[in-house]
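Residue numbers (this note's numbering): 88 to 257.
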């Protein structure tokens, strides 16, 4: 990672290039911006999930970070139509913060409220779990016991066990 200038409240943004097709790999770059002058970006709110089998995320300069399966799934899905949904720039804590640098982590955590306030949108990624996805889709139209079952299934997702979502969503 290139160092961030803490006096300028700098952040890294991930630029995700569109995939050529659903099975092709995604490509990305990390660039540094002053938070107040950053290009429009989308912040990702998600649960890291287990990193039992970390997956390398390669940038165009050949560097790589190890990411969890949940983030890999998100990037794989969003890269197909990232320009249609959110534009190419993303702030994703697991990648945009140097996780091996405790000083940078502390500095970036202190900026998180501003990072989420300045983004153009927040995407909440619940993962690829089909049961959760189905429950989320059916919830608005469901009635009676089915509505509570769908709500329980949705709220049982690991995402909702995180305290950080309060800051990310507000």
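Yeah, the Cβ is synthetic: ideal placement off N, Cα and C, and Gly gets one too.
Inter-segment contact for the segment 174-182 and the segment 118-137 is present: three or more beta-carbon pairs are separated by less than 8 Å.
Of the residues assessed, residue 90 falls on the exposed side of the cut-off, its CB having fewer than 16 other CB atoms within 10 angstroms.
Residue environment for residue 100: buried (at least 16 other C-beta atoms within 10 angstroms of its C-beta). Residue ranges of uninterrupted alpha helix (DSSP H) with 4 or more members, entirely inside the segment 155-200 and ordered along the chain, are 156-172 and 180-183. Note: residue 153 is bridge-paired with 143 in the DSSP secondary-structure output. In this model, residue 92 and residue 174 are separated by some 25 Å (Cα to Cα). Here the C-alpha atom of residue 110 lies approximately 9 Å from the C-alpha atom of residue 163. For residue 161 and residue 232, the gap between their C-alpha atoms comes out near 31 Å.
Within the model, the alpha-carbon separation for residue 198 versus residue 115 is close to 23 Å. Closest by C-alpha distance to residue 146, out of 113, 97 and 127, is 113. The criterion of a C-beta distance shorter than 8 Å is satisfied by residue 98 and residue 125. Take the alpha-carbon of residue 118 and the one of residue 102: they are about 8 Å apart.
Beta-bridge partners of residue 207 (DSSP): none assigned. Looking at the DSSP output, residue 118 shares a beta bridge with 100.
When the Cα atoms are used, residue 214 and residue 208 turn out to be separated by approximately 18 Å.
When the beta-carbon positions are compared, residue 202 and residue 122 come within less than 8 Å of each other.
By alpha-carbon distance to residue 158, the top candidate from 148, 224 and 136 is 136.
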